[in-house]
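The sequence shown runs contiguously to residue 1147 in our numbering. Just so it is clear, CB atoms sit at the ideal spot from N, CA and C, and this is done for glycine as well. On a predicted model such as this, the values are computed, not experimentally measured, just so you know. Just below is one structure, and these are the notes that go with it.
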Amino acid sequence: MTTRREQTYDRRLKELIEKAGKLEKREIERALNLLESVQKDIAAQVATTEWQAQHLPQLKAAIENSIESFSQQQLAAQQDALLNSWNLGIDMVDGPLSSAGIQFFAPEIARETLEILQGYSADLVGGLGKDFTKKVNNEITMGLLGGKTPFEVMQAIGTELEGKNVVGSIARRAETITRTEMGRVQSASRQARMNGVVNGVTEPDMRWKKKWIWSGKPKGRITHMALDGVVVDLDEDFAGGWPHPHAPGMPAAETINCG
C-alpha cells in the first residue's frame, strides 16, 4: 500500500479497536451492575427471613432463584455481546481495507465457530452461577451453625463488588469471562475473515502481512508487549508459535483477560 493508503487503513483500524474497547467496557459494566442487583436481593432475603435453622430451606430457595435469574440474564446478554464481537472482528478486516480503497471479495464466514464459542461461554456462565449459589449457601449454613448474626454473614458474602468475599470473587470471574470470551470470538472471526479476503482480493501484486497490536492496557503481559508492532507474513507465526491473539492451543496464561 502507498503511505496515504497505509495512513487511511491505520486510522480506520484504530477507530474499530477503540470501538471494541468501548463494547467490552460496556458489557463488563452491565454484568457488574446485574451482579450488584443480585447482591442486594440476597442481602434483603437474609435480612427479612427469620434467622433460625428451620427457615434455612426457604432462605436458600429464594437465594437460588435470585442467582438463577442473574445467570439467565447474564447468559442472554453475553450471547448478544459475543455476536457483536464476531461482527466487529469481521469489520476490523473489511473496514480498513475499504477505507484504503482496496477492492476485495470475501465469502460469508460460517457460523459454526461462533456457535461453539457461544456454547463454551454459556458453560462458563452456568458454572459461575452454580459456584455463586454454593458459596452463598455455605456461608449462610456455617453462619447459622456458628451462631453468627445476619450482618456478619452478609459481611462474608459481600456488600460490594470487591474485596476477599464471595461477591467480590464472583465479580472478578464475571469480568474475566466477559473480557476473555469477547476477545476470543473477535479474534476468531477476524482471522477467518482475513483468510477469506486473501483469496478474494482483486489486486494480484498485494503482499499480505499481519501485525501484532498490544492493547496498551496497564500491567500487560511482557510477552505480548514485546510483540507490539511486530509484522510477519500472513501464514507465519509470531514468536512463541502463536498465529494470532487468542489462537486455539495458546496457554490459558496467555489468553485470560487478553486485550
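Residue 1029 has its alpha-carbon roughly 43 Å from the corresponding atom of residue 1075. In the DSSP assignment, residue 1097 is bridged to 1121.
Between residue 1023 and residue 1054, the C-beta spacing is below 7 Å. Judged by DSSP secondary structure, residue 1045 falls within the alpha helix (DSSP H) whose first and last residues are 1038-1045. Nearest to residue 1121 by alpha-carbon distance, out of 919, 1102, 1086, is 1086. DSSP places residue 1102 in the coil class of the three-state scheme, outside both helix and strand. Annotation: the segment 939-1020 contains the following complete segments of the alpha helix (DSSP H) (minimum length 4 residues), in chain order: 944-987.
Across the structure, residue 1019 and residue 1062 are spaced so that their CA atoms are roughly 12 Å apart. Here residue 958 is not near residue 901, since their CB atoms are 7 Å or more apart. Residue 1067 counts as buried, since at least 16 other C-beta atoms from the protein chains shown sit within 10 angstroms of its C-beta. Selection 983, 909, 1004 evaluated against residue 1102 yields 909 as nearest (Cα-Cα). If you draw a straight line from the Cα of residue 1118 to the Cα of residue 965, it is about 35 Å long.
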